[in-house]
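One rule links them: number in the working numbering = place in the sequence shown (from 1) + 130.
Encoded as structure tokens, the structure appears first; notes follow it.
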Amino acid sequence: LDVARFAESDGFEFDQERKEAWRYRDWVIRALNEDLPYDRFLRHQLAGDEVDPPDEHARLATGFLMAGPDMTDINIATERRHEFLNKMTQTVGEAFLGLTLGCAQCHSHKTDPVSIEDFYRFRSFFAATVVDPKKSKQLPPQVKESRPDPPMSFVMEGGDFRRPGAPVGPAFPRVLNPTDDQIPVTPDGATTSYRRTALARWLTRADHPLTTRVIVNRLWLHHFGRALVTTPNDFGRTGQEPTHPALLDWLATELPRQEWSLKAMHRLILTSRTYRQASRGSGPDWQKRLSLDPGNLLLSRAPRKRLEGEAIRDSFLAVAGLLNRKMGGPSIRPPLPREITATIRNRNWEVSPDPADHLRRSVYIFVRRNLSYPLFDVFDRPDSNASCPQRNRSTTPTHSLTLLNSEFSGTIATALAERISAESDPVEHLYLLLLARLPTTKERSIARDLLTAGSLSDL
Numbered sequence: 131l132d133v134a135r136f137a138e139s140d141g142f143e144f145d146q147e148r149k150e151a152w153r154y155r156d157w158v159i160r161a162l163n164e165d166l167p168y169d170r171f172l173r174h175q176l177a178g179d180e181v182d183p184p185d186e187h188a189r190l191a192t193g194f195l196m197a198g199p200d201m202t203d204i205n206i207a208t209e210r211r212h213e214f215l216n217k218m219t220q221t222v223g224e225a226f227l228g229l230t231l232g233c234a235q236c237h238s239h240k241t242d243p244v245s246i247e248d249f250y251r252f253r254s255f256f257a258a259t260v261v262d263p264k265k266s267k268q269l270p271p272q273v274k275e276s277r278p279d280p281p282m283s284f285v286m287e288g289g290d291f292r293r294p295g296a297p298v299g300p301a302f303p304r305v306l307n308p309t310d311d312q313i314p315v316t317p318d319g320a321t322t323s324y325r326r327t328a329l330a331r332w333l334t335r336a337d338h339p340l341t342t343r344v345i346v347n348r349l350w351l352h353h354f355g356r357a358l359v360t361t362p363n364d365f366g367r368t369g370q371e372p373t374h375p376a377l378l379d380w381l382a383t384e385l386p387r388q389e390w391s392l393k394a395m396h397r398l399i400l401t402s403r404t405y406r407q408a409s410r411g412s413g414p415d416w417q418k419r420l421s422l423d424p425g426n427l428l429l430s431r432a433p434r435k436r437l438e439g440e441a442i443r444d445s446f447l448a449v450a451g452l453l454n455r456k457m458g459g460p461s462i463r464p465p466l467p468r469e470i471t472a473t474i475r476n477r478n479w480e481v482s483p484d485p486a487d488h489l490r491r492s493v494y495i496f497v498r499r500n501l502s503y504p505l506f507d508v509f510d511r512p513d514s515n516a517s518c519p520q521r522n523r524s525t526t527p528t529h530s531l532t533l534l535n536s537e538f539s540g541t542i543a544t545a546l547a548e549r550i551s552a553e554s555d556p557v558e559h560l561y562l563l564l565l566a567r568l569p570t571t572k573e574r575s576i577a578r579d580l581l582t583a584g585s586l587s588d589l
């Protein structure tokens, strides 16, 4: 969702809500839970309405293309459409190809072999996906293409929508198309152009040089906290070289061999000797590892990872016994701190009426571009106006203050205390809940002294 720029409002000044945007989020969750093969996962997001038109869920997947911000108050409709298509093209390039195609919208790419003509040929795949801004002030939650002949596409000189240059048709980037594959002719009787289908099928070829490498690199980043290519959205010349190129190549070819199953790839990584290493140790062998690989670039030990704000909140609710595990449906809005509500209009965050909804998983909290949920904001939730391949990892006093002194933390602490109070050994139960292990003798003694004293001031 970070990569897709998912949010439930338009952004910019008016930041209007998108009432049905949550359906794309639910599709992503369902697709991953059901292990939808990655080739179909990609195809549905680019062309679900074309490759599987009877399937409502496949059509919902095209919400990926509509997930970005939209400046609805632009006076010139052609400018609005131009900006939206450019950002859509840029995001598709970064998300699936790991290429910064957007750099070529004004001029040929400064470092990668991508020309301005390549950019607008690639953009031409999506020429019919955006509704006419003159007729709709808000974009639909999914693609609705109803004509087999999209409007003519042009190279926009200098990236200026007012300066159309040479006409162009859809074509794959030349640097990735050495065999000069062509776009199939639109079939007779078609109701759409099928351009997006052609692009999706080209991207999901088992021998594609980038698509599989980009996704397995994201999987590695998810599990290790550091990707093999540390610039996941940029495999170009300004990106970083892979730390383990042979491993990246092998994983990329393994995905099609595993029938494009992401769960199979997760299992492969998690059961590897590399993943199952300890993150700390002792003795001469451990000291040798530290001296030879101080930055852990060679994966000599397991990395220590930071939790995102959503995972922190969900963990808090889970250990306190409060987490509502209901899945799917419209997003919810838990109460905001008073210092936030005092500065916004009520309609920008109408609190969900059912208190049980306030305890649902963080992925279901409403995502507004111009108002981030405070806990997530503290823990580096990215700006949803652009594709984010990897979140920042800041370390600030606000982290500790939020976890110790916020109203949410107080609520969790009270609920956790009540949960363990009836246990015969509350200290042991507490350690099992929080750390999934038993306390050491010293930890047990300190915790019992704290319970006996009743408060920190009595110690």
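By construction, the Cβ of each residue, glycine as well, lies at the ideal position given by its N, Cα and C atoms.
Bear in mind the structure is a predicted one, so any value in this text is a computation, not a measurement.
Classify Pro243 as helix, strand or coil using the three-state DSSP reduction.
-> For the purposes of this step, residue 243 is taken as the residue at position 113 of the sequence shown. Reduced to three states, the DSSP call for Pro243 is coil.
Collapsed DSSP secondary structure at Glu275 in the structure displayed = By one-based count along the sequence shown, residue 275 stands at place 145. Reduced to three states, the DSSP call for Glu275 is coil.
So what's Ser539 in DSSP terms, helix, strand or just coil?
-> Along the sequence shown, read from residue 1 onward, the residue named residue 539 stands at position 409. Reduced to three states, the DSSP call for Ser539 is helix.
Does the Cβ-Cβ distance between Ser517 and Glu143 come in under 8 Å?
-> Working through the sequence shown from its first residue, we reach residue 517 at position 387. Working through the sequence shown from its first residue, we reach residue 143 at position 13. Not in contact: Ser517 and Glu143 (Cβ atoms no closer than 8 Å).
From Pro512 to Ala134, what distance separates their C-alpha atoms?
-> Counted from its first residue, the sequence shown places residue 512 at position 382. Counted from its first residue, the sequence shown places residue 134 at position 4. One C-alpha to the other measures close to 12 Å.
Leu589 - DSSP class collapsed to helix/strand/coil = Within the sequence shown, numbered from 1, the residue matching residue 589 stands at position 459. Because Leu589 sits at a pLDDT of 36, beneath the cut-off of 50, its placement in the model cannot be relied upon, and the point is left open.
Grouping DSSP H, G and I as helix and E and B as strand, with all else coil, what is Arg567?
-> As a working note, residue 567 is residue 437 in the sequence shown. Arg567: coil per DSSP, three-state reduction.
Provide the residue span of the alpha helix (DSSP H) that contains Pro375, from first to last.
-> On the sequence shown, position 245 is the one that residue 375 refers to. First-last of the alpha helix (DSSP H) with Pro375: Pro375 to Arg387.
Simplified DSSP state of Met196, which is helix, strand or coil | Translated into positions along the sequence shown, residue 196 becomes position 66. Note: Met196 maps to coil in three-state DSSP.
Can you tell me which of Asp379, His374, His353 and Arg443 puts its alpha carbon nearest to the alpha carbon of Pro339?
-> The residue given as residue 339 occupies position 209 in the sequence shown. Comparing Cα positions, the closest option is Asp379.
Anticipated Cβ contact below 8 Å, Phe256 with Thr219, distance rounded | In the sequence shown, the residue the question calls residue 256 occupies position 126. In the sequence shown, the residue the question calls residue 219 occupies position 89. Sure, about 7 Å apart at Cβ, within 8 Å.
What residues match up with Glu147 in a beta bridge as DSSP calls it?
-> On the sequence shown, residue 147 is found 17 positions in, with the first residue counted as 1. Beta-bridge pairing links Glu147 to Ser139.
Bridge partner(s) assigned by DSSP for Arg490 | For the purposes of this step, residue 490 is identified with residue 360 of the sequence shown, where counting begins at 1. Note: Arg490 sits in a beta bridge opposite Asn454.
Using 8 Å as the Cβ pair cut-off and three pairs as the minimum, do the region 524-536 and the region 545-565 touch?
-> no
Run through the region 300-361 for me and flag every whole alpha helix (DSSP H) of 4 or more residues, listed as ranges in chain order.
-> 325-333 and 341-354
Look at the alpha carbon of Arg431 and the alpha carbon of Tyr168, and state the distance between them as a whole number of angstroms.
-> Numbered from its first residue, the sequence shown carries residue 431 at position 301. Numbered from its first residue, the sequence shown carries residue 168 at position 38. One C-alpha to the other measures close to 30 Å.
Inter-residue Cα distance where the pair is Ser543 and Asp248 = Numbered from its first residue, the sequence shown carries residue 543 at position 413. Numbered from its first residue, the sequence shown carries residue 248 at position 118. It is Ala, not Ser, that sits at residue 543 in the sequence shown. Roughly 56 Å between the two C-alpha positions.
Taking the C-alpha atoms as reference points, what is the distance between Phe506 and Glu438?
-> As a working note, residue 506 is residue 376 in the sequence shown. As a working note, residue 438 is residue 308 in the sequence shown. Near 8 Å, if we compare the C-alpha coordinates of Glu438 and Phe506.
With 16 as the cutoff for other CB atoms within 10 Å, does Ser254 come out buried or exposed?
-> Counting from one through the sequence shown, the residue named residue 254 turns up at place 124. It is buried - the Cβ of Ser254 has at least 16 other Cβ atoms within 10 Å.
Where Asp185 falls, given that 16 or more other Cβ within 10 Å makes a residue buried = Walking along the sequence shown from the start, residue 185 turns up at place 55. Result: exposed.
Can you check whether the CB of Ala258 is closer than 8 Å to the CB of Pro281?
-> Position 151 of the sequence shown, counted from the start, is the residue given in the question as residue 281. Position 128 of the sequence shown, counted from the start, is the residue given in the question as residue 258. Against a cut-off of 8 Å, the Cβ pair of Ala258 and Pro281 comes out as a contact.
Proximal residues to Gly319 (C-beta, below 8 Å), its chain only, five neighbours per side dropped = Your numbering for residue 319 matches position 189 in the sequence shown. Excluding sequence neighbours, Gly319 sits near nothing in its chain.
For His488 and Ile462, believed in contact at Cβ under 8 Å, the rounded distance = Taking the first residue of the sequence shown as 1, we reach residue 462 at position 332. Taking the first residue of the sequence shown as 1, we reach residue 488 at position 358. Indeed, because the Cβ distance is near 7 Å, the residues count as touching under 8 Å.
Give the DSSP bridge partners of Gly498, in chain order.
-> Within the sequence shown, residue 498 is the residue found at index 368, counting from 1. In the sequence under discussion, the amino acid at residue 498 is Arg, which differs from the Gly named in the question. Arg498 pairs with Leu501.
With DSSP collapsed to three states, give me the class of Ile550.
-> Locating residue 550 in the sequence shown gives position 420, where the first residue counts as 1. In the structure shown, Ile550 sits in a helix (DSSP, three-state: H, G or I).
In the DSSP assignment, what are the bridge partners of Ser283?
-> Looking up residue 283 in the sequence shown gives position 153. Beta-bridge pairing links Ser283 to Val298.
Beta-ladder partner(s) of Ile576, from DSSP | Position 446 of the sequence shown holds residue 576. For Ile576, which the question treats as bridged, DSSP gives no partner whatsoever.
Can you check DSSP and say which residues form a bridge with Ile462?
-> To locate residue 462, count along the sequence shown from 1; it is residue 332. Paired residues: Ile495.
Are the region 490-503 and the region 435-454 touching by the rule of at least three beta carbon pairs closer than 8 Å?
-> yes
Please name the residue, chosen from Gly198, Leu452, Val285 and Val222, that lies closest to Ala177 on a Cα-to-Cα basis.
-> Residue numbering aside, residue 177 sits at position 47 when the sequence shown is read from its first letter. Here the closest residue by C-alpha is Val222.
With C-beta atoms as the reference, is Gln272 less than 8 Å away from Arg189?
-> Within the sequence shown, residue 272 is the residue found at index 142, counting from 1. Within the sequence shown, residue 189 is the residue found at index 59, counting from 1. Against a cut-off of 8 Å, the Cβ pair of Arg189 and Gln272 comes out as a contact.
Helix, strand or coil for Gly289, going by three-state DSSP, please let me know.
-> On the sequence shown, position 159 is the one that residue 289 refers to. Note: Gly289 maps to helix in three-state DSSP.
So, are the CB atoms of Ala296 and Val285 less than 8 Å apart?
-> The count along the sequence shown starts at 1 and reaches residue 296 at position 166. The count along the sequence shown starts at 1 and reaches residue 285 at position 155. Yes, these two residues count as a Cβ contact at 8 Å.
Pro183 and Asp140: beta carbons closer than 8 Å?
-> As a first step, residue 183 must be located in the sequence shown, where it is residue number 53. As a first step, residue 140 must be located in the sequence shown, where it is residue number 10. No, the pair does not count as a contact, with Cβ atoms beyond the cut-off.
Since Leu351 contacts Thr373 with CB under 8 Å, what's their CB separation in whole angstroms?
-> Reading the sequence shown from its first residue, position 221 is the one you call residue 351. Reading the sequence shown from its first residue, position 243 is the one you call residue 373. At roughly 12 Å, the Cβ-Cβ gap does not stay under 8 Å, so Leu351 and Thr373 are not in contact.
Could you give the distance in angstroms between the alpha-carbon of Arg251 and the alpha-carbon of Leu195?
-> Locating residue 251 in the sequence shown gives position 121, counting from the first residue. Locating residue 195 in the sequence shown gives position 65, counting from the first residue. Approximately 17 Å between the Cα atoms of the pair.
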